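S.K.:
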Amino acid sequence: MAALGIGDLAALTGVPVRTIRFYCDEGLLESRRSVGGHRRFAASAVDRLGLVRRLRGLGLGLPAITDVLSGERSIAEVVEAERAALDIELAALAWRRASLAAVEEATTPAERSARLALLAAVGDHEAARGALVAFWQRLFIARLPADFVSMFLEVSVPAPPADPSPRQVMAYAEMVALAGDRTLTRRMQARARVNLEQISDEAELLTGIGEACHLAHPLVLAGRQPEPGPALDRYVAAYATAQRRRDTRAFRRELVTTATVDRDPRLRRYWGLVGEVTGEPVTVGTSQAWLVDALERSVVR
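FYI, in the numbering used here the residues of the sequence shown are 6 to 306.
#1: Taking the beta strand (DSSP E) that ARG258 falls in, what are its first and last residues?
#2: Which same chain residues, not among the five before or five after TYR240, have their C-beta less than 6 Å away from its C-beta?
#3: Expressed to the nearest angstrom, what Euclidean distance is found between the alpha-carbon atoms of ARG129 and LEU183?
#4: When you compare the CB positions of VAL304 and VAL261, do they come within less than 7 Å of one another, or not?
#5: Identify the continuous beta strand (DSSP E) that holds PHE46 and give its terminal residues.
#6: ARG249 to GLU85, Cα distance in whole Å?
#7: Please identify the residue among LEU105, GLU207, THR190 and THR188 whose C-alpha is closest to the C-alpha of ALA147.
#8: Does the beta-carbon of PRO308 have 16 or more other beta-carbons within 10 angstroms, so that it is buried, or is it exposed?
#9: Taking only three categories from DSSP, how would you classify ARG148?
#10: For VAL57 and GLY41, I'd like the C-alpha separation in whole angstroms.
#11: From GLU87 to PRO68, what distance separates their C-alpha atoms?
#12: Let me make sure I understand the geometry here. Which of CYS29, SER39 and VAL289 has the alpha-carbon closest to that of GLY213?
#13: Looking only at DSSP bridge pairs, what is LEU33 linked to?
#14: For PRO169, I'd like the list of residues in its chain whose CB is within less than 7 Å of its CB, leaving aside the five on either flank, ordered along the chain.
#15: Specify the secondary structure class of GLY10 as computed by DSSP and reduced to three states.
#16: With distances taken Cα to Cα, identify the nearest neighbour of VAL51 among LEU34, GLY66 and GLY64.
#17: Pull the bridge partners of ARG38 from the DSSP assignment, please.
#18: Closer than 8 Å is the cut-off here; do at least three beta carbon pairs connect the segment 251-260 with the segment 270-278?
#19: Give the straight-line distance between the Cα atoms of PRO231 and VAL225, rounded to the nearest whole angstrom.
#20: For the alpha helix (DSSP H) holding ASP72, just list the boundary residues, first then last.
#21: Since GLN173 and GLU281 should fall inside the 8 Å C-beta cutoff, what is the C-beta to C-beta distance between them, to a whole number of angstroms?
#22: Taking just the CA atoms, how far does ILE25 sit from ALA47?
#23: Ordered along the chain, which non-local residues of its own chain (more than five positions away) have a Cβ less than 7 Å from that of ARG268?
#24: What residue from ARG258, ARG78, ALA90 and ARG45 has the CA that sits closest to GLY64's CA?
#25: Please list the terminal residues of the continuous alpha helix (DSSP H) segment that includes GLN194.
#26: Taking 8 Å as the cut-off, does the segment 178-192 touch the segment 122-139 (at least 3 CB pairs, one atom from each stretch)?
#27: Measuring CA to CA, which of HIS222, PRO223 and ALA197 is closest to LEU211?
#28: Tell me which same chain residues have a C-beta within less than 7 Å of the C-beta of HIS222, skipping the five on either side of it?
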């Protein structure tokens, strides 16, 4: 096939002449000039321009298309990156939509004002999650394995739902507000410092507490009142082992005193809100609160 003029290329591909000129200027299409100064294109420009048009139809930007044409990245790679970027945009829009609906659903001016202030202080979903991660990371005074920290953050800081309801957005916003309570943070940091002095291996302690929470989970789910049993025994044993102590009545009384922060209504509210965000009927924190109550009841009997 002979060299094509810009009009011929436009007719064959359906791409306007002005767009073809733009693609040439951006380096997406190669052309040469005729003696008269007109652009001339090789026959391969038809397929190349067709590919550019299809990729543009998917919303890909010129840099990504340039990478494909140069062979720097494959079509699959640029499409995957574009889809991932779109997922982020959609999540931000879903959070914004649910936030607007939460304010809209308020039944009184006072409630509307309170919701508006809470949501404004939180920001978007990424900022909200970042604030919660920062809150818990400030409490990691003892050195813990990275995988353990990641596992802990996974249950303590739920990812914002991809398509949250207004209630979930408000719950997440309240979690951020609680994490920003300096008095609660100071109380939890003080307990962490005590643990640093008394606990020989905090990872071992937290593992034991996790096992106790696992045992307590079905009891809490069934609506059982806090009570002595294997779950509570495992909870106390975790502390006793970590402190190189024995599980005695005196030790349990002492443990009740040091567990005051776990009875803080703000912390309990936080774990309840985690359940609202994730849909879990019983969170790890809720199970731990049940164990603390069971411990206190066992001591006063």
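Ideal placement from N, C-alpha and C gives every residue a C-beta, glycine not left out. Here the structure is a predicted model, which is why all the values come from computation and not from measurement.
M.R.: Here's the rundown:
#1: Along the sequence shown, one-based indexing puts residue 258 at 253. Premise fails: ARG258 lies in the alpha helix (DSSP H), 254-263, not in any beta strand (DSSP E).
#2: Your numbering for residue 240 matches position 235 in the sequence shown. Closer than 6 Å at Cβ, skipping near neighbours: ALA217 and LEU296.
#3: What you label residue 129 is simply residue 124 of the sequence shown in a count that begins at 1. What you label residue 183 is simply residue 178 of the sequence shown in a count that begins at 1. It should be noted that the sequence gives Asp, not Arg, for residue 129. Between ASP129 and LEU183, the C-alpha separation is close to 17 Å.
#4: Taking the first residue of the sequence shown as 1, we reach residue 304 at position 299. Taking the first residue of the sequence shown as 1, we reach residue 261 at position 256. Yes, the pair counts as a contact, with Cβ atoms nearer than the cut-off.
#5: Here residue 46 refers to the residue found at position 41 of the sequence shown. Its beta strand (DSSP E) spans residues 44-46.
#6: Here the question's residue 249 lines up with position 244 in the sequence shown. Here the question's residue 85 lines up with position 80 in the sequence shown. Approximately 52 Å, taken between the alpha carbons.
#7: Translated into positions along the sequence shown, residue 147 becomes position 142. Comparing Cα-Cα distances from ALA147 to each of LEU105, GLU207, THR190 and THR188, the minimum goes to GLU207.
#8: What is shown of the chain runs 6 to 306, which leaves residue 308 out entirely.
#9: The residue you call residue 148 lines up with position 143 of the sequence shown. Three-state result, ARG148: coil.
#10: To locate residue 57, count along the sequence shown from 1; it is residue 52. To locate residue 41, count along the sequence shown from 1; it is residue 36. VAL57 and GLY41: Cα-Cα distance of roughly 28 Å.
#11: One-based indexing of the sequence shown puts residue 87 at position 82. One-based indexing of the sequence shown puts residue 68 at position 63. Distance between the alpha carbons of GLU87 and PRO68: 12 Å.
#12: Position 208 of the sequence shown holds residue 213. Among CYS29, SER39 and VAL289, the Cα nearest to that of GLY213 belongs to VAL289.
#13: Here residue 33 refers to the residue found at position 28 when the sequence shown is read from its first residue. None, per the DSSP bridge assignment.
#14: As a first step, residue 169 is located in the sequence shown; it is residue number 164 there, counting from the start. Hits under 7 Å: ALA99, TRP100 and ALA103.
#15: Here residue 10 refers to the residue found at position 5 of the sequence shown. Strand.
#16: Numbered from 1 along the sequence shown, position 46 holds the residue referred to as residue 51. Nearest C-alpha to VAL51: LEU34.
#17: Residue numbering aside, residue 38 sits at position 33 when the sequence shown is read from its first letter. Partner(s): ARG44.
#18: Too few Cβ pairs lie closer than 8 Å, so no.
#19: Start at 1 with the first residue of the sequence shown, and residue 231 comes out as number 226. Start at 1 with the first residue of the sequence shown, and residue 225 comes out as number 220. Whole-angstrom Cα-Cα distance: 8 Å.
#20: Numbered from its first residue, the sequence shown carries residue 72 at position 67. Residues 67-75.
#21: For the purposes of this step, residue 173 is identified with residue 168 of the sequence shown, where counting begins at 1. For the purposes of this step, residue 281 is identified with residue 276 of the sequence shown, where counting begins at 1. Contact annotation, GLN173 with GLU281: C-beta distance approximately 7 Å; criterion of less than 8 Å satisfied.
#22: The residue given as residue 47 occupies position 42 in the sequence shown. The residue given as residue 25 occupies position 20 in the sequence shown. Near 14 Å, if we compare the C-alpha coordinates of ILE25 and ALA47.
#23: Here residue 268 is taken as the residue at index 263 of the sequence shown, counted from 1. Answer for ARG268: VAL297, listed in chain order.
#24: In the sequence shown, residue 64 corresponds to position 59, counting from 1. Comparing C-alpha distances from GLY64 to each of ARG258, ARG78, ALA90 and ARG45 shows the shortest one belongs to ALA90.
#25: Within the sequence shown, the letter at position 189 stands for residue 194. Note, GLN194: alpha helix (DSSP H), 187-203.
#26: yes
#27: Your numbering for residue 211 matches position 206 in the sequence shown. Selected option, being the one with the closest Cα: ALA197.
#28: Position 217 of the sequence shown, counting from 1, holds the residue named residue 222. Cβ neighbours of HIS222 beyond the five flanking positions: VAL287 and SER292.
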